[in-house]
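Just so we're aligned, residue 688 is where the sequence shown starts under the working numbering, counting upward by one. C-beta atoms are modelled at their ideal positions from N, C-alpha and C, and glycine is treated no differently.
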Amino acid sequence: MAKKKSKTIIRIALFTGTAVSLFFVPWILVWAWILPLPDTVQKQAEQAIGHGLDGIIVYVDQAGKPPGFYAAGWHDREKKIPAYPQALFKIASISKLYDAVAVTKLVSAERLSLDKTLADYLPELIGRIENADKITLRLMIQHRSGIPNFTDTPNFWASPTETYEEGLSLILDQPANFEPGEDYEYCNTNYLLINKIMDDVLGYENFQFIKEEILVPLNLNNTFSSSDVVNMDSVMSGYHVGYPHDLKADGHDMLASAEDVGVFLRALNDGTLFEAGEKEIYSSIYEYNHGGWVPGYQSFAEYNEDLDAIIILFNNTTDRKLLLWNLSEIICGRIVKILKRN
688 MAKKKSKTII RIALFTGTAV SLFFVPWILV WAWILPLPDT VQKQAEQAIG HGLDGIIVYV
748 DQAGKPPGFY AAGWHDREKK IPAYPQALFK IASISKLYDA VAVTKLVSAE RLSLDKTLAD
808 YLPELIGRIE NADKITLRLM IQHRSGIPNF TDTPNFWASP TETYEEGLSL ILDQPANFEP
868 GEDYEYCNTN YLLINKIMDD VLGYENFQFI KEEILVPLNL NNTFSSSDVV NMDSVMSGYH
928 VGYPHDLKAD GHDMLASAED VGVFLRALND GTLFEAGEKE IYSSIYEYNH GGWVPGYQSF
988 AEYNEDLDAI IILFNNTTDR KLLLWNLSEI ICGRIVKILK RN
């Protein structure tokens, strides 16, 4: 789901400095912000559980130091299995980084063109998606297409779609949200279409291309296309506030361990993932950090330049108002402070 949620609410209150602003900030965020900073990342992970998260995994790769693996809370709260750092996790929209790298490599090989349009690649959508003849592959990658977001459909997450056709049907014949290139709006439909375009150009599912071009070269053996191909016991359970059941069997999201995501993000940011000329293409179209959200799963993949550190944070509790997303942002920030202090 969308990465660019509203920034942490607490920041607004603290920078305005008014009692009125603080009154409207949920106290769970205030408390998480003002608590004394723990001595270690492990203690911060344990503290996060006290704020209402069921389980948390943190991976840190800081230059010049061995990688750090941390976990707290539950891997499966019903079975009382403690969280552990090697568990698989639904990474949701972090997968867009892998998609953008795959597009980059196909563009470099001249199998795709950033300037060709949706109409060029999927002519059947002419007249079904407004501005199909103006929306380029570049604009879709950058979320500047104006295409409506299919996951914003009312009650979408109560019964998510499972196929390309089902997802696309939710936005066909709908008016554009803005003219192509005139604005920005995070939109999962863009990447639904990009994946379809890659499949068509390759002649097979693009995850196989991702595996050959990204996963195998980096020895990422714990990254998978969906829960259909993994041992479900290794997948961290996911929980949504107010919903009584484990969500790990729902959906067909990409899964990975925190370490695999961290190794990928390091190679993305230092450029070792790319062949000659590819890094320049990638830098022109997409970003180097990302977050992800699906019910029961929140994920953050961040590179901190000051520390030359990769920080991966997974937590398995979500809520309708996204307070726990904001809480996770605070936790990420506190982990950075701990690393800087140490």
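{"query": "Determine the DSSP secondary structure at Gln-729, reduced to helix, strand or coil.", "result": "helix"}
{"query": "Could you spell out the range, first to last residue, of the beta strand (DSSP E) harbouring Val-747?", "result": "742 to 749"}
{"query": "Could you tell me whether the Cβ of Thr-848 comes closer than 9 Å to any Cβ of chain D?", "result": "This model lacks chain D altogether, as it is built from one protein chain only."}
{"query": "When the Cα atoms are used, what is the spatial distance from Asn-991 to Thr-876?", "result": "29 Å"}
{"query": "So what's Ser-782 in DSSP terms, helix, strand or just coil?", "result": "helix"}
{"query": "Going straight from the alpha carbon of Pro-772 to that of Asp-937, what length do you get?", "result": "22 Å"}
{"query": "Let me check one thing: in DSSP terms, what residues is Ala-787 bridge-paired to?", "result": "Per DSSP, none; premise fails for Ala-787."}
{"query": "Is it buried or exposed for Val-916, if we count other Cβ within 10 angstroms and need 16 for buried?", "result": "exposed"}
{"query": "Could you spell out the range, first to last residue, of the beta strand (DSSP E) harbouring Gly-949?", "result": "From DSSP, Gly-949 is part of no beta strand (DSSP E) but of the alpha helix (DSSP H) over 945 to 957."}
{"query": "Can you tell me which of the three DSSP states Ser-986 falls into?", "result": "strand"}
{"query": "May I have the straight-line CA-CA distance separating Pro-982 from Ala-787, to the nearest angstrom?", "result": "24 Å"}
{"query": "What do you get for Leu-902, buried or exposed, if any count of 16 or more other CB atoms within 10 angstroms of its CB means buried?", "result": "buried"}
{"query": "In chain order, which continuous runs of the beta strand (DSSP E) of length 3 or greater are located wholly inside the region 964 to 1022?", "result": "977 to 981, 984 to 991, 996 to 1002"}
{"query": "Applying the 10 Å Cβ sphere with the 16-neighbour rule, what's the burial state of Tyr-785?", "result": "buried"}
{"query": "Pull the bridge partners of Leu-678 from the DSSP assignment, please.", "result": "Outside the displayed range of the chain (688 to 1029) lies residue 678, so it cannot be described from this structure."}
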